[in-house]
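Just so you know, we're using this note's numbering here: the sequence shown kicks off at 1 and counts up by one. Everything on this sheet refers to the single structure shown next.
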Amino acid sequence: MSHAPRTHLAMGEDTFRLLFDEARLERISSIADAGQPLFLGDLGDPAHAAALAETEVLITSWGAPALDADLLARMPRLQAVFHAAGTVRELATDALWERDILVTTAADANAIPVAEYTHAAIVLATKRAFFHMRTAHDQGRGSFGHEPRPGYGNLGRTIGIVGFSRTGRRVVDRLRELDGARVLVADPFADPERVAAAGAELVSLEEMLPVVDVLSLHAPSLPSTRHMIGRVELAALRDGAVLINTARGAILDHDALLDQCRGGRIDAVLDVTEPEPLPLASPLLALPNVAITPHIAGSLGGETRRLADAALDELEAFAADRPAMHRVHAHDMGVTA
1 MSHAPRTHLA MGEDTFRLLF DEARLERISS IADAGQPLFL GDLGDPAHAA ALAETEVLIT
61 SWGAPALDAD LLARMPRLQA VFHAAGTVRE LATDALWERD ILVTTAADAN AIPVAEYTHA
121 AIVLATKRAF FHMRTAHDQG RGSFGHEPRP GYGNLGRTIG IVGFSRTGRR VVDRLRELDG
181 ARVLVADPFA DPERVAAAGA ELVSLEEMLP VVDVLSLHAP SLPSTRHMIG RVELAALRDG
241 AVLINTARGA ILDHDALLDQ CRGGRIDAVL DVTEPEPLPL ASPLLALPNV AITPHIAGSL
301 GGETRRLADA ALDELEAFAA DRPAMHRVHA HDMGVTA
């Protein structure tokens, strides 16, 4: 039996304005009992006490506070939290899980632009486009500036995907577009049949490293994955390989990466770093074969509307008593971002 749950929004004000245009606000009103005001901003404001006491659904995103025991005590009717962003780590607390409140994520929607970015980075990196962007002004346009590598180009490349995650799976799918590409996946939790059905081969990380032209990282940042790509792993890459990281900076040992990139043995494309941003004095910033972008692979600008839509899809399903599409459980925190 469907119902219209009392719904409020909690996130940073700039995020609210970016994600929720008039059409999406109208959609909330058509599905739910939209609280007045709908956007609460600072949940700690005593002026919101009455609104919180009636809240059944909270739509959150970047800038939302951690839902701790004190805050949850002010929301006795809360049944669901629909997160219009990726990871819920900074939002979800033990108190939230103990209440058995439904929590969902828009991480799958956010994986779309990350996969798009990664696919583009692979295509450009195997042509050393990032290197030539840095050196063109010094050495003249149209000049390689050095002896071209035999491995230039995208034909018949071997590409390694570390982590068959939401993003990793989408990248594998996009790599079907590359002529003759061999795609390898390293993920101890991946189902071999699902990997094979996607057109890739499931191998160990040790098997993967020496044979890939491109290594693309899509593993979650967990204590167990910190610096999982370190000195041993980077040294195992073949000369001329490219490392791409659009996941989290902590899974890559940057000191070890510097040692491998400084002499030009491998290239790197980093959308995430540790720390983030890198200090201005970091030697990685000066290397022509290391391209660094400021965490732009994920949803930006109009792309963020996908995150709002994903949360509103969950709200619509909840109001119609249908199962959630992207529910997150407490036990997922040990293996996902």
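The beta carbon of each residue, even a glycine, is placed where N, CA and C say it ideally should be.
- Identify whether I112 lies in helix, strand or coil by the three-state DSSP scheme. helix
- Message: To the nearest angstrom, how far is the alpha carbon of P5 from that of L72?
- Response: 17 Å
- Item | S165, buried or exposed, once every other Cβ within 10 Å from all chains shown has been counted against 16 | By the Cβ neighbour-count rule, S165 is buried, with 16 or more other Cβ atoms within 10 Å of its own.
- Query: F338 bridges to which residues according to DSSP?
  - Reply: This structure cannot settle anything about residue 338, because the visible part of the chain is limited to 1 through 337.
- Task: On a CA-only basis, which of H83, R170 and L91 is nearest T118? Give me that one, please.
- Result: Among H83, R170 and L91, the Cα nearest to that of T118 belongs to R170.
- Message: According to DSSP, simplified to helix, strand and coil, what is E201?
- Response: strand
- Considering only residues of the same chain and omitting the five flanking positions on each side of L19, which have a CB-CB separation below 8 Å? For L19, where only same-chain residues beyond five positions count, the Cβ hits under 8 Å are M11, S61, A84, T304, R305, L307 and A308.
- Measure the beta-carbon distance from V232 to I266 and round it to whole angstroms, keeping in mind my assumption that it falls under 8 Å. In fact, because the Cβ distance is near 14 Å, the residues do not count as touching under 8 Å.
- Query: Grouping DSSP H, G and I as helix and E and B as strand, with all else coil, what is F20?
  - Reply: coil
- Query: Which class does A268 belong to by DSSP, given the choice of helix, strand or coil?
  - Reply: strand
- Query: By a C-beta neighbour count over all protein chains shown, 10 Å radius and 16 as the cutoff for buried, is M1 buried or exposed?
  - Reply: With a pLDDT of 47 at M1, under the threshold of 50, the predicted position of this residue should be treated as unreliable, though the coordinate-derived value follows. Exposed: under 16 other Cβ atoms inside 10 Å.
- Cα-Cα separation between E314 and T93, rounded to whole angstroms: 21 Å
- Query: Applying the criterion that 16 or more other CB atoms from any shown protein chain within 10 Å of the CB defines a buried residue, is I296 buried or exposed?
  - Reply: exposed
- How long is the line joining the alpha carbons of H132 and I292, rounded to whole angstroms? 14 Å
- Identify the continuous alpha helix (DSSP H) that holds A95 and give its terminal residues. D94 to E98
- Item | Option nearest V203 by Cα separation, candidates A311, V335, A190 and V272 | A190
- Item | M1 (DSSP reduced to helix, strand or coil) | Here the model assigns M1 a pLDDT of 47, short of 50, so the residue's position is not dependable and the matter cannot be decided.
- Query: Rounded to whole angstroms, how far is the Cβ of G298 from the Cβ of P113, which I believe are closer than 8 Å?
  - Reply: 6 Å
- Task: Would you mind reading off the limits of the alpha helix (DSSP H) that contains G168?
- Result: Per DSSP, G168 belongs to the alpha helix (DSSP H) from R166 to R174.
- Nonlocal neighbours in the same chain, by C-beta distance under 8 Å from A236, ignoring five residues either side: Closer than 8 Å at the Cβ level, and outside the excluded window around A236, lie E206, L209 and P210.
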